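K.L.:
Going by my numbering, the first residue of the sequence shown is number -18, and it counts up by one from there.
Cβ coordinates follow ideal geometry from the N, Cα and C atoms, glycine included.
The structure displayed is predicted, hence computed values, not measured ones.
Mind having a look at this structure? Questions to follow.
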Amino acid sequence: MKKLTNKEKEIMELYWANGPMFVKELLEHYDEPKPHFNTLSTMVRILEKNGFLDHKQYGNTYQYFPIVTEKEYGRNSIAGVIKSYFNDSYLSAVSSFVKEEKISVEELKELIKQIEQND
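Structure representation (structure tokens):
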């Protein structure tokens, strides 16, 4: 899955929070100075081309809706980071978090306990 740019992520967050919208409705969620309608419309079409949005046609206009959930995107983003920076090793990633004190040994033990209870 392609990584979203900051602007694309901003648009997707609006779709994830609000559901299906026409570009005109999407524009209403922006503060001043609002992006130009055509710019926003182009970005939405790019998101559709990249498989994040789809649309339903109503006459001459399109209502766009997300086809990738925020959770799916987050999961794939984490997988991409682990693949790129930890040689595709989740163990290396977790080990790095422990070494850098981003997660304590106690938290790691609790995580292991939760995983074992789910088996």
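Terminal residues of the continuous alpha helix (DSSP H) containing K83?
P.N.:
Within the sequence shown, the letter at position 102 stands for residue 83. That residue, K83, is in no alpha helix (DSSP H); it is neither H nor E in DSSP.
K.L.:
Under a three-way DSSP split, which group does T20 fall into?
P.N.:
By 1-based counting over the sequence shown, the position of residue 20 is 39. Reduced to three states, the DSSP call for T20 is helix.
K.L.:
Go through its chain and collect everything with a Cβ distance to Y(-4)'s Cβ below 6 Å, but skip five positions before and after it.
P.N.:
Working through the sequence shown from its first residue, we reach residue -4 at position 15. Residues of the same chain with a CB within less than 6 Å of the CB of Y(-4), apart from the 5 flanking positions on each side, are P47 in chain order.
K.L.:
Hey, out of S85, P14, S58 and F18, whose CA is closest to T(-14)'s CA?
P.N.:
For the purposes of this step, residue -14 is identified with residue 5 of the sequence shown, where counting begins at 1. Residue S58 is the option with its Cα nearest to T(-14).
K.L.:
From the DSSP output, in three-state form, read off L34 for me.
P.N.:
Within the sequence shown, the letter at position 53 stands for residue 34. Strand at L34.
K.L.:
Hey, quick one: how far does the beta strand (DSSP E) through Y(-4) stretch, first residue to last?
P.N.:
Here residue -4 refers to the residue found at position 15 of the sequence shown. Taken as a continuous stretch (DSSP letters only), Y(-4) belongs to no beta strand (DSSP E), being part of the alpha helix (DSSP H) at N(-13) to N(-1).
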